[in-house]
Structures are given as C-alpha cells and as structure tokens.
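Undergrad:
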Amino acid sequence: MRSYDTWNVLGMRLEKITGIIAVISLIIGLNWLGKPSANQSTLLNFLLLDKNKIGSDSSEVVLFTKLDEIFEKMLSALLEEEEKARSRNLSVPPQFLGKTIYKVKLCNDEKAISISFDDGPWPETTNHILYILKKHDVKATFFVLGRNVQNYPARLKQIVQHGHVIGNHTWSHSYRYHNKLAAAREIDNTAALLYKITGVKTSLFRPPGGFLNNGLVAYASKKKYAILMWSVDSKDYYASGPNLLNKVIRQAKFGGIVLMHDGGGDRSNTVWALPHIIIELKKRGYKFVTVPELLKLGRDCH
Ligand SMILES: [Zn+2]
Numbered sequence: 020m021r022s023y024d025t026w027n028v029l030g031m032r033l034e035k036i037t038g039i040i041a042v043i044s045l046i047i048g049l050n051w052l053g054k055p056s057a058n059q060s061t062l063l064n065f066l067l068l069d070k071n072k073i074g075s076d077s078s079e080v081v082l083f084t085k086l087d088e089i090f091e092k093m094l095s096a097l098l099e100e101e102e103k104a105r106s107r108n109l110s111v112p113p114q115f116l117g118k119t120i121y122k123v124k125l126c127n128d129e130k131a132i133s134i135s136f137d138d139g140p141w142p143e144t145t146n147h148i149l150y151i152l153k154k155h156d157v158k159a160t161f162f163v164l165g166r167n168v169q170n171y172p173a174r175l176k177q178i179v180q181h182g183h184v185i186g187n188h189t190w191s192h193s194y195r196y197h198n199k200l201a202a203a204r205e206i207d208n209t210a211a212l213l214y215k216i217t218g219v220k221t222s223l224f225r226p227p228g229g230f231l232n233n234g235l236v237a238y239a240s241k242k243k244y245a246i247l248m249w250s251v252d253s254k255d256y257y258a259s260g261p262n263l264l265n266k267v268i269r270q271a272k273f274g275g276i277v278l279m280h281d282g283g284g285d286r287s288n289t290v291w292a293l294p295h296i297i298i299e300l301k302k303r304g305y306k307f308v309t310v311p312e313l314l315k316l317g318r319d320c321h
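Numbering of the sequence shown is given in this note's numbering, commencing with residue 20 and proceeding in unit increments.
1) In this structure, how does DSSP classify T61 when only helix, strand and coil are distinguished?
2) State buried or exposed for V290, treating a residue as buried only when at least 16 other CB atoms are found within 10 Å of its CB.
3) Check whether the Cβ atoms of I216 and N187 sit closer than 8 Å, and answer yes or no.
4) Are K266 and S253 close, meaning C-beta to C-beta below 8 Å?
5) Roughly how many angstroms separate the alpha carbons of R303 and S133, rounded to a whole number?
6) So T145 is in the alpha helix (DSSP H); what residue range does that whole segment cover?
7) Hey, is H188 close to ligand 1, as in C-beta under 7 Å from one of its heavy atoms?
8) Consider the Cβ of Y196: report whether some Cβ of chain E lies at a distance smaller than 8 Å.
9) Which word fits I296, buried or exposed, when buried means at least 16 other C-beta atoms lie within 10 angstroms of its C-beta?
10) Within a Cβ cutoff of 7 Å, which residues of the same chain sit near H280, ignoring the five residues on either side of it in sequence?
11) Could you give the distance in angstroms between the alpha-carbon of L300 and the alpha-carbon of V111?
12) By how many angstroms is the C-alpha of P311 removed from the C-alpha of T160?
13) On the DSSP letters alone, give me the boundaries of the alpha helix (DSSP H) that S287 sits inside.
14) Is the segment 187 to 202 close to the segment 163 to 177, with three or more CB pairs under 8 Å?
15) Could you tell me which residues DSSP puts in a beta bridge with T160?
16) Could you please give the first and the last residue of the uninterrupted alpha helix (DSSP H) stretch that includes V17?
17) Got a sec: does ligand 1 put a non-hydrogen atom nearer than 7 Å to the Cβ of D137?
18) Residues in its own chain within less than 7 Å of K153 by CB, not counting five upstream and five downstream?
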C-alpha cells in the first residue's frame with residue numbers, strides 16, 4: 020500500500036513537473052522566435068539550465084534568471100496547494116478515529132453545525148452547490164462515491180480547491196453484506212482514487228444508506244476511519260424544497276451534522292433549499308464548519 024501511494028505521489032509530481040517544463044519550453048520557444056539570431060546550443064543550454072554555458076549576452080542571463088524564478092514560484096505554489104488540501108482533510112482528532120459519530124458535543128457555547136453532501140460528484144448539481152456555498156462563504160463536507168469520482172474527476176478537484184472536505188462513501192453504494200475482501204475493494208479503491216486525484220487521504224467514512232452492520236463499517240473502523248452519520252436528515256431524495264427546508268431548520272442543533280445529497284439523481288430541490296437553509300440558520304446564530312472542524316470544536320471538553 021505504501022509503495023503504491025509513493026508511486027501515486029510520484030506520478031502526480033511528474034505530471035505537474037512535465038506541465039511546468041512544457042510552459043518553460045513554450046516561453047523559450049517564443050523568445051527564440053523573437054530572436055532569430057539565437058542558435059540551437061543556446062536553447063539546449065537553457066533547457067539544461069546550465070548557467071555557465073550560457074553566452075555572455077546579458078538578455079539571455081536575464082531570461083534564465085526569470086525562468087528560474089517562475090519555476091521556483093510555480094513549484095512552491097503547487098506544493099503549498101497540495102499541503103493545504105492535505106491538512107484541511109486529514110486533521111481528524113485521534114479519539115474519533117474508529118468511532119461512530121452522529122453529532123458533536125461542543126465546548127464553550129460554540130454555535131457550529133456541519134452540512135454534508137452525499138453521492139457525488141455529479142454533473143451540474145455539484146457545481147450549483149459549490150457556487151451557492153462560495154456565495155455564502157460556507158465550507159462543507161462531501162462524501163463521494165469512487166464510481167462517480169472516476170466519471171467526474173474534475174468536479175472532485177473543484178470541491179477540494181474550494182476548501183471543502185471530502186470523505187469516503189464507498190465505490191458503488193451497495194447495501195448488501197460485504198465480506199472483508201469486498202469491503203476492502205469498496206473502501207480502499209475509493210481512497211486510492213481520491214488520493215490520486217487530490218492528494219487527500221481522508222479519515223472520514225459514511226456508510227451507504229447509513230447501514231452499520233453489512234461489513235463496511237466494521238472494515239472502515241478497523242482501518243481507523245471516523246464513521247460519520249448525521250443528526251439532521253433533510254430527506255432531500257424525496258422531500259419538496261420547502262419541505263426539506265423545514266425539516267432541516269426544525270432538527271438543527273449546535274454540534275449537528277446535516278445530511279443532504281449533491282449526487283445520485285435530480286437534486287433540484289436540494290439546490291433550491293440550500294441558500295434558504297444557510298440564510299435561516301445564520302440568522303439564528305449558526306456558523307458553518309466542516310466535519311473535521313466540528314470534531315475539533317468538541318475535542319477538549321469531554
Ligand atoms: Zn449515499
């Protein structure tokens with residue numbers, strides 16, 4: 020598993036480095052076109068990044084220095100982005116790992132609540148939800164399916180880039196009994212794909228349908244995932260927009276976790292209700308946090 024991860028990271032780095040080299044080559048190429056006197060060996064020297072072999076032409080030295088700076092900046096920005104994505108998604112306090120959580124008892128009269136979205140990523144709906152969350156400055160948690168991530172990897176990347184947290188919701192959303200091998204396939208394959216696409220190793224797991232006894236939760240607990248259930252069920256898979264809005268507002272409590280869906284079917288009711296839910300709960304003093312942030316807020320007082 021570890022060497023597989025290492026190769027994945029190497030693969031991601033290589034993809035990025037190849038991209039950077041392509042950009043640098045393009046810049047050099049454009050510069051060369053503008054300077055017909057430049058010869059092939061000068062270009063080779065640039066590509067090999069060997070300062071000593073560059074001619075005395077000061078414009079070449081300036082160009083080299085600039086390319087060097089651009090390369091450095093691009094690389095550090097990429098590393099920073101990766102690091103941020105990891106730290107946002109990884110930091111589940113250890114006492115919650117392997118445990119099943121429905122809500123969190125908060126310390127210091129915190130008025131926090133988490134919204135979670137299941138069964139994505141999904142065409143259109145995920146984007147609509149990301150747009151609404153951004154507009155209202157809310158961070159949420161997305162429990163995604165490996166099958167959908169495989170189909171819509173760019174949407175998963177967007178979720179993470181927007182600062183939201185991702186969790187594992189299995190590969191295929193099956194309710195049947197899973198022996199250890201089948202559970203491993205559902206959970207580990209999804210985890211590996213999430214990692215490959217985003218660099219995030221999630222510690223959050225939500226069982227499909229909330230079933231706790233079909234082998235999936237047993238396996239996820241053994242693998243030290245925090246098992247995240249919910250305290251507020253919007254029932255957005257069948258409720259009308261106003262109906263699901265009422266359900267959420269009525270059941271909301273500080274420390275709660277709201278279940279909604281961005282994938283798996285027509286989610287227009289969810290998209291309609293979401294801004295109303297956010298506005299109404301903010302009016303009542305709630306602040307919205309991701310699931311790991313909610314867990315941290317409850318960490319020290321019990
Ligand atoms: Zn689900």
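Glycine included, every Cβ here is placed at the ideal spot set by N, Cα and C.
TA: According to the structure shown:
1) Sequence index remark: in the sequence shown, residue 61 carries index 42 (1-based). Note that T61 scores a pLDDT of 49, beneath 50, so its modelled location is shaky and nothing firm can be said.
2) The residue given as residue 290 occupies position 271 in the sequence shown. Buried, since its Cβ has 16 or more Cβ neighbours within 10 Å.
3) As a working note, residue 216 is residue 197 in the sequence shown. As a working note, residue 187 is residue 168 in the sequence shown. Cβ distance not < 8 Å, so I216 and N187 don't count as in contact.
4) Locating residue 266 in the sequence shown gives position 247, counting from the first residue. Locating residue 253 in the sequence shown gives position 234, counting from the first residue. Inclusion of K266 and S253 in the CB contact set at 8 Å is warranted, their separation being smaller than that value.
5) Here residue 303 is taken as the residue at index 284 of the sequence shown, counted from 1. Here residue 133 is taken as the residue at index 114 of the sequence shown, counted from 1. The alpha-carbon of R303 is positioned some 15 Å away from that of S133.
6) Position 126 of the sequence shown holds residue 145. First-last of the alpha helix (DSSP H) with T145: T144 to K154.
7) Along the sequence shown, one-based indexing puts residue 188 at 169. Under cutoff, so the answer is yes.
8) Looking for chain E here will not work: only one protein chain is present.
9) Locating residue 296 in the sequence shown gives position 277, counting from the first residue. Result: buried.
10) To locate residue 280, count along the sequence shown from 1; it is residue 261. Once the five neighbours on either side are set aside, the close Cβ partners of H280 are F136, D137, D138, D255, Y256, R286 and T289.
11) Residue numbering aside, residue 300 sits at position 281 when the sequence shown is read from its first letter. Residue numbering aside, residue 111 sits at position 92 when the sequence shown is read from its first letter. In a straight line, the C-alpha of L300 is about 25 Å away from that of V111.
12) In the sequence shown, the residue the question calls residue 160 occupies position 141. In the sequence shown, the residue the question calls residue 311 occupies position 292. The alpha-carbon atoms of T160 and P311 are separated by roughly 9 Å.
13) Taking the sequence shown and counting its residues from 1, one reaches residue 287 at position 268. Note, S287: alpha helix (DSSP H), S287 to K302.
14) Contact between the segment 187 to 202 and the segment 163 to 177 is present, because at least three Cβ pairs lie under 8 Å.
15) Residue mapping note: residue 160 aligns to position 141 of the sequence shown, counting from 1. Answer is S135 and V184, bridged to T160.
16) As displayed, the chain neither begins before 20 nor continues past 321, which places residue 17 out of reach and without an answer.
17) Taking the sequence shown and counting its residues from 1, the one referred to as residue 137 is at position 118. When distances are taken from the beta-carbon of D137 to the heavy atoms of ligand 1, the shortest one is below 7 Å.
18) Working through the sequence shown from its first residue, we reach residue 153 at position 134. Excluding its 5 nearest sequence neighbours in each direction, K153 has C-beta neighbours in its own chain below 7 Å: H181, listed in chain order.
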